[in-house]
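**Student:** What the sequence shown shows, in the numbering used here, is residues 976 to 1328, in sequence order. The structure follows.
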Amino acid sequence: MCNTYKLIDKLAQDGILAKDEWITLINDDSPATSAYLFEKARFYRHKYYGNTIYLRGLIEISNYCKNDCLYCGIRKSNRHACRYRLTKEEILDCCQTGYEAGYRSFVLQGGEDAYFTDDRIVDIVRAIKTQYADCAVTLSIGEKSDASYQRFWEAGVDRYLLRHETANETHYQKLHPATMTLQNRKRCLYTLKKIGFQTGCGFMVGSPFQETANLAEDMLFMHELQPQMVGIGPFIPHDDTPFRDKNQGSFKRSLFMLGLVRVMMPKVLLPATTALATIAEEGQIQGILAGANVIMPNLSPISVRAKYQLYNHKKITGTEAAEYMEELKERMRKIGYQIVCGRGDYIGTDREE
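What follows is the structure in structure tokens.
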């Protein structure tokens, strides 16, 4: 048995590797090693979640953002972005459409938009929870104060997604403006965990200046944090950012990192992201076969979907929610998986369905 197979077995047994072992393993994403890893990843996903695939109805509430992240298409300096905000009524309409199609989990995602004050977010969340009491609500609206996160929790928010992007301080500063720090990003994540949210972090694969050692540090940080959710996708450049000419992240390595996360944290909720679908025709299916168990279809109004462009050529479907649900069910059925219309909570959470 080759050394990388032994490292995968060690990871499966111990749940962690040393940094140099991570580097060795990540550098060998060969077809044979990948196949061995994905088999392990599917074993653990099936052990805890069977052949079920959970859906999150994604509602992109705003593409305004106060930040100027160098990789992001909705950065505040992008004067070509066609800005929009959804009203409370539009957000609730998206939930209604999704609910009728079978969705029981909604993700409100947006830039760090000052218009969406804590009061507005709390009001929207309470309205969703009142009308759809059997549904989970996730927020993905960036860095907030401890007090803000506490208010969101008390309003009924179940989950919070905040990708850390990279666990290396030097690398973080190369991707973000000086006003943002990895220390604060980590503070937010630990606060979310402490309050009780099902907490999600994550990173880009192949982001500019990334070294294999940085990915190893991502794995070490996530082992320390123990998030319930992890979002991984390839870096894809956007034409209206300073990174417009940087190389796209590797699809193969992105799948490999998905598999590694599943083996390290067998119970984690792991999406097959839109970014995977953007750079490969069957990207999401390959993500599922690498160990993912979540898909996040877009419930935003069709009129604004093309405006929420974090990266070039984002995969966008004009299909209505009910039709897309049936299409997904059929695609998953063909590879032996089943779409489940439920909250899809992390195993062991206090806010289970």
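Backbone N, C-alpha and C define an ideal beta-carbon position, used for all residues, glycine too.
Whole angstroms are fine: how far does the CA of residue 1005 sit from the CA of residue 1227?
**Tutor:** Stepping through the sequence shown from its first residue, residue 1227 is reached at position 252. Stepping through the sequence shown from its first residue, residue 1005 is reached at position 30. Roughly 9 Å separates the two Cα atoms.
**Student:** Can you confirm whether the region 1032-1042 touches the region 1080-1094 when touching is taken to mean that 3 or more C-beta pairs between the two stretches lie within less than 8 Å?
**Tutor:** Counting Cβ pairs under 8 Å, three or more are found: they touch.
**Student:** By a C-beta neighbour count over all protein chains shown, 10 Å radius and 16 as the cutoff for buried, is residue 1152 buried or exposed?
**Tutor:** In the sequence shown, the residue the question calls residue 1152 occupies position 177. So residue 1152 ends up on the exposed side.
**Student:** Taking residue 1252 and residue 1290 to be in contact with their CB atoms under 8 Å, please state how far apart those CB atoms are, rounded to whole angstroms.
**Tutor:** Position 277 of the sequence shown, counted from the start, is the residue given in the question as residue 1252. Position 315 of the sequence shown, counted from the start, is the residue given in the question as residue 1290. Yes, residue 1252 and residue 1290 are in contact; Cβ-Cβ is about 4 Å, under 8 Å.
**Student:** Would you call the region 1163-1174 and the region 1196-1203 touching, i.e. three or more CB-CB distances under 8 Å?
**Tutor:** Yes: at least three Cβ pairs fall under 8 Å.
**Student:** Label residue 1191 either buried or exposed according to how many other C-beta atoms from any shown protein chain fall within 10 Å of its C-beta, with 16 as the threshold for buried.
**Tutor:** The sequence position of residue 1191 within the sequence shown is 216, counting from 1. It counts as buried.
**Student:** Assign residue 1115 to one of three DSSP states: helix, strand, or coil.
**Tutor:** Here residue 1115 corresponds to residue number 140 of the sequence shown, with the count starting at 1. In this structure, residue 1115 counts as strand in the three-state DSSP scheme.
**Student:** Whose C-beta lies closer than 7 Å to the C-beta of residue 1327 among residues of the same chain, with five residues either side of it excluded?
**Tutor:** Residue mapping note: residue 1327 aligns to position 352 of the sequence shown, counting from 1. Note on residue 1327: pLDDT 40, under 50, position unreliable in the model; the coordinate value appears next. So the list reads 1320, once near-sequence residues are dropped.
**Student:** In chain order, what residues of the same chain lie with their CB nearer than 6 Å to the CB of residue 1210, ignoring the 5 residues before and after it?
**Tutor:** Taking the sequence shown and counting its residues from 1, the one referred to as residue 1210 is at position 235. Closer than 6 Å at the Cβ level, and outside the excluded window around residue 1210, lie 1179, 1181, 1182 and 1224.
**Student:** Looking only at its own chain, which residues have a Cβ that is under 6 Å from the Cβ of residue 1279, when we skip the five neighbours before and after it?
**Tutor:** Sequence index remark: in the sequence shown, residue 1279 carries index 304 (1-based). Here the set comprises 1059.
**Student:** Identify whether residue 1081 lies in helix, strand or coil by the three-state DSSP scheme.
**Tutor:** Indexing the sequence shown from 1 puts residue 1081 at position 106. Strand.
**Student:** Is the Cβ-Cβ distance between residue 1032 and residue 1078 less than 7 Å?
**Tutor:** On the sequence shown, position 57 is the one that residue 1032 refers to. On the sequence shown, position 103 is the one that residue 1078 refers to. Yes, they are a contact pair.
**Student:** Taking the alpha-carbon of residue 1081 as reference, which of 1097, 1035, 1095 and 1048 has the nearest alpha-carbon?
**Tutor:** The count along the sequence shown starts at 1 and reaches residue 1081 at position 106. Here the closest residue by C-alpha is 1035.
**Student:** Secondary structure at residue 1315, three-state DSSP: helix, strand or coil?
**Tutor:** The residue you call residue 1315 lines up with position 340 of the sequence shown. Strand, per DSSP.
**Student:** From which residue to which residue does the beta strand (DSSP E) around residue 1069 run?
**Tutor:** Numbered from its first residue, the sequence shown carries residue 1069 at position 94. Unbroken run through residue 1069 is the alpha helix (DSSP H), 1063-1076; no beta strand (DSSP E).
**Student:** Nearest CA to the CA of residue 1264: which residue from 1103, 998 and 1021?
**Tutor:** The residue labelled residue 1264 in the question sits at position 289 within the sequence shown. For residue 1264, the nearest C-alpha among the options comes from 1021.
**Student:** Are residue 1016 and residue 1266 touching if we call contact CB-CB under 7 Å?
**Tutor:** For the purposes of this step, residue 1016 is taken as residue 41 along the sequence shown, with counting starting at 1. For the purposes of this step, residue 1266 is taken as residue 291 along the sequence shown, with counting starting at 1. Yes, the pair counts as a contact, with Cβ atoms nearer than the cut-off.
**Student:** Taking the CB atoms as reference points, tell me whether residue 1045 and residue 1276 lie closer together than 7 Å.
**Tutor:** Residue 1045 sits at position 70 when you count from the first residue of the sequence shown. Residue 1276 sits at position 301 when you count from the first residue of the sequence shown. For residue 1045 and residue 1276, no; Cβs fall outside 7 Å.
**Student:** At the level of alpha carbons, what is the spacing between residue 1244 and residue 1154?
**Tutor:** In the sequence shown, residue 1244 corresponds to position 269, counting from 1. In the sequence shown, residue 1154 corresponds to position 179, counting from 1. Approximately 31 Å, taken between the alpha carbons.
**Student:** How many Å lie between residue 985 and residue 1138 at the Cα?
**Tutor:** As a position in the sequence shown, residue 985 is number 10, starting the count at 1. As a position in the sequence shown, residue 1138 is number 163, starting the count at 1. The alpha-carbon atoms of residue 985 and residue 1138 are separated by roughly 27 Å.
**Student:** Where residue 1140 and residue 1148 are concerned, what is the direct C-alpha to C-alpha distance, given to the nearest angstrom?
**Tutor:** Here residue 1140 refers to the residue found at position 165 of the sequence shown. Here residue 1148 refers to the residue found at position 173 of the sequence shown. Whole-angstrom Cα-Cα distance: 11 Å.
**Student:** What beta strand (DSSP E) runs, 3 residues minimum, are completely inside the region 1098-1163?
**Tutor:** Segments of the beta strand (DSSP E) lying fully in the region 1098-1163: 1111-1115 and 1134-1136.
**Student:** On the DSSP bridge list, what partners appear for residue 1178?
**Tutor:** Translated into the one-based positions of the sequence shown, residue 1178 becomes position 203. BP columns for residue 1178 point to 1140 and 1207.
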